[in-house]
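Here the sequence shown is numbered in this note's numbering, starting from 7 and rising by one per residue.
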Amino acid sequence: MQLTGAQALIKSLEQEGVDTIFGLPGGAILPVYDPILDSSIRHILVRHEQGAGHMAEGYALATGKAGVAMVTSGPGATNIVTPIANAHMDSTPLVVITGQVATASIGSDAFQECDITGITMGITKHNFLIQSAHEIPRAVAAAFYLATTGRPGPVLIDLPKDISQSTMEWWYPESIEELDLPGYHPEIDIDQDAVARAVELISQSERPVLYVGGGTLKSRAHQDLLAFAERTKMPVVTTLMARGAFPDSHDQHLGMPGMHGMYSAVTAIQKSDLLISLGARFDDRVTGQVSSFAANAKIIHVDIDKAEFNKVRRADVALQTNVASALQALEAAKASPQNLDVWWKEIRTWQERYPLVYDEPTTEGPLRPQHVIEAIAKKAAPGTIVSAGVGQHQMWASQFWEFEEPGTWVNSGGAGTMGFGVPAAIGAKVGRPDRTVWCIDGDGCFQMTAQELVTARAEGIPIKVAILNNAYLGMVRQWQEMFYEERYSEVYLSADLPDYVKWAEAMGCVGLRATNLKEMHEVIDQANQINDVPVVIDFRTDSSEKVFPMVAAGASNDDILVHPLLRGGAQ
7 MQLTGAQALI KSLEQEGVDT IFGLPGGAIL PVYDPILDSS IRHILVRHEQ GAGHMAEGYA
67 LATGKAGVAM VTSGPGATNI VTPIANAHMD STPLVVITGQ VATASIGSDA FQECDITGIT
127 MGITKHNFLI QSAHEIPRAV AAAFYLATTG RPGPVLIDLP KDISQSTMEW WYPESIEELD
187 LPGYHPEIDI DQDAVARAVE LISQSERPVL YVGGGTLKSR AHQDLLAFAE RTKMPVVTTL
247 MARGAFPDSH DQHLGMPGMH GMYSAVTAIQ KSDLLISLGA RFDDRVTGQV SSFAANAKII
307 HVDIDKAEFN KVRRADVALQ TNVASALQAL EAAKASPQNL DVWWKEIRTW QERYPLVYDE
367 PTTEGPLRPQ HVIEAIAKKA APGTIVSAGV GQHQMWASQF WEFEEPGTWV NSGGAGTMGF
427 GVPAAIGAKV GRPDRTVWCI DGDGCFQMTA QELVTARAEG IPIKVAILNN AYLGMVRQWQ
487 EMFYEERYSE VYLSADLPDY VKWAEAMGCV GLRATNLKEM HEVIDQANQI NDVPVVIDFR
547 TDSSEKVFPM VAAGASNDDI LVHPLLRGGA Q
């Protein structure tokens with residue numbers, strides 16, 4: 007069967023079970039847009055290529071499947087670099103297809119030419135510059151295999167326009183061997199000697215902590231984690247990228263560690279004698295000052311990526327495998343620590359003394375942002391998916407929303423990409439249309455990618471957006487107040503410019519505003535009754551609110567600063 011390269015690309019995506027592409031056409035990718043008309047794949051037309059990438063990420067994080075985005079060459083390709091970098095940092099499976107100028111024009115500075123494979127070489131698992139139409143099926147199959155196996159991540163396919171217009175005899179790889187990926191072996195046999203050493207360390211421990219990272223979700227190990235934790239009685243902390251991997255409501259869960267983590271989670275790690283890292287990479291936002299991080303703890307490090315071992319903290323035992331396999335091996339070996347009653351008694355003391363708190367909400371505004379999040383969460387349906395941008399609102403959402411299952415927290419961790427929240431929420435809703443999706447956003451983040459609400463309205467994707475509008479770049483303001491003597495340089499945004507209600511309405515959405523507690527409850531109830539169009543709520547929040555607990559950048563986690571309401575006894 008003779009197909010054009012464009013037809014072969016779309017047919018290859020169908021072979022991989024793709025149901026949605028997020029994209030924006032342009033000259034170099036235009037031939038591929040014609041066969042989409044005859045395809046079962048849904049195409050969602052975005053308003054900016056960055057939105058396409060973040061939507062694909064949101065789709066991937068909510069479903070566990072690879073997200074797919076397609077854009078044109080030149081500026082279309084460079085506009086999606088940020089989502090690619092974001093997916094690379096957070097190990098999110100992504101397949102990005104970019105158009106490229108005709109083969110004969112490559113290197114001539116042709117109109118809308120750019121070396122996107124060169125640009126993205128350091129932020130993709132792999133990328134392909136297609137040389138002939140015959141290569142397309144293999145490249146697509148390999149891209150999905152690479153993106154979703156081992157440590158997941160983004161893969162890019164760059165398709166010159168002349169190749170998409172040329173013809174080939176249709177074929178599709180029937181085995182992994184046909185993908186021609188020498189040296190890539192994502193399936194790793196677990197080292198039983200390393201398991202035995204890990205079991206020995208666990209048996210000797212009296213103050214262990216399960217340090218759960220995003221790799222736990224990537225390997226779908228949440229049930230294995232629950233079983234292992236409950237049998238061993240170990241305390242569990244879940245990083246920003248692992249929220250939902252272990253139920254927040256569980257008695258053994260201490261919350262999130264790190265710069266804005268729970269006091270009990272941060273301190274338990276610091277005082278531990280054994281830290282079992284499950285798919286976490288010892289990120290600087292978790293470790294603080296590395297030399298003082300869990301200084302007296304032995305380290306068992308489980309990771310699918312060998313490059314993570316000893317990168318930040320030297321492991322006493324390194325287990326190169328996925329988290330599910332590691333937990334199953336430890337469970338089979340009946341790995342158990344010492345009696346943990348004394349350890350838990352100490353932890354409970356920290357939990358009781360230093361809970362998450364904030365100042366009492368006032369009847370009249372401005373609103374407490376933490377209270378807004380709690381109010382939305384209390385009225386949300388079970389299984390609601392929450393996305394966030396980056397900054398104070400992201401930390402408050404992670405702190406004050408209880409996550410009970412995987413795939414319900416969609417955020418930008420490693421790259422810290424402002425503007426991630428709205429498009430990611432749209433992608434999550436496309437992937438899980440049965441779920442309610444709330445985006446907890448800041449006014450700074452919202453202004454970066456709000457135009458994608460036009461996409462949501464046009465495509466019938468009814469997300470709900472809560473803007474915690476404090477009229478500032480809040481996290482920057484917090485740092486300027488605490489570390490720059492309240493010298494607020496270029497951080498004020500204005501509460502009224504733009505008018506978020508009118509902006510939402512101009513994009514075809516429902517726009518609401520709340521300035522006090524009564525209005526807050528009313529607009530949340532109103533938003534929950536609207537399920538056919540996107541809703542945007544402008545919550546006027548207190549600009550002086552800061553995120554606590556907090557560990558200053560580069561400081562020791564031992565110097566964690568709790569909320570002023572709790573100060574006096576914290577170290």
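Cβ atoms here follow ideal geometry from the backbone N, Cα and C, with glycine treated the same way.
Asked: DSSP three-state assignment for residue 224, whether helix, strand or coil; Found: helix
Asked: Start and end residues, beta strand (DSSP E) containing residue 175; Found: 173 to 175
Asked: Residue 217 burial status per 10 Å Cβ neighbour count (16 or more: buried); Found: buried
Asked: Inter-residue Cα distance where the pair is residue 386 and residue 517; Found: 19 Å
Asked: 8 Å contact criterion, which residue 555 and residue 515 should meet: CB distance rounded; Found: Not quite, the Cβ-Cβ distance comes to about 35 Å (not below 8 Å), so this is no contact.
Asked: Opposing strand residues paired with residue 478 [DSSP bridges]; Found: 498
Asked: Straight-line gap, residue 288 to residue 381 (C-alpha atoms, nearest Å); Found: 33 Å
Asked: Inter-residue Cα distance where the pair is residue 33 and residue 79; Found: 8 Å
Asked: Through-space distance from residue 452 to residue 147, alpha-carbon basis; Found: 36 Å
Asked: For residue 549 and residue 374, the rounded distance between their alpha carbons; Found: 9 Å
Asked: DSSP state of residue 454 mapped onto helix, strand, coil; Found: helix
Asked: Simplified DSSP assignment, three categories, for residue 76; Found: strand
Asked: Nearest candidate by alpha-carbon position, reference residue 158, set 187, 140 and 130; Found: 130
Asked: Beta-carbon separation (whole angstroms), residue 450 vs residue 397, contact threshold 8 Å; Found: 7 Å
Asked: CA nearest to the CA of residue 249, picked from 393, 505, 480 and 477; Found: 393
Asked: Length of the line joining the Cα atoms of residue 344 and residue 479; Found: 47 Å
Asked: Proximity to residue 119 [Cα-Cα], best of 62, 166 and 101; Found: 166
Asked: Classification of residue 188 by the beta-carbon crowding that lies within 10 angstroms, buried from 16 upward; Found: exposed
Asked: Nearest-angstrom beta carbon gap, residue 101 and residue 72 [assumed within contact, 8 Å]; Found: 5 Å
Asked: Residue environment, residue 137, which counts as buried when at least 16 other CB atoms sit within 10 Å; Found: exposed
Asked: Helix, strand or coil at residue 527 according to DSSP, with G and I counted as helix; Found: helix
Asked: Beta-carbon separation (whole angstroms), residue 434 vs residue 68, contact threshold 8 Å; Found: 4 Å
Asked: Completely contained beta strand (DSSP E) runs for the region 333 to 405, where each covers 3 or more residues; Found: 391 to 394
Asked: Any 3 or more C-beta pairs closer than 8 Å across the region 350 to 360 and the region 270 to 280; Found: yes
Asked: Range of the contiguous beta strand (DSSP E) that encloses residue 444; Found: 443 to 448
Asked: Sub-8 Å separation of residue 486 and residue 553 beta-carbons; Found: no
Asked: Per DSSP, the bridge partner or partners of residue 39; Found: In DSSP, residue 39 forms no bridge with anything.
Asked: Neighbourhood of residue 92 by C-beta, 6 Å cutoff - its chain only, sequence neighbours within 5 removed; Found: 418, 421 and 423
Asked: CB-CB length for residue 336 against residue 204, believed under 8 Å; Found: 7 Å
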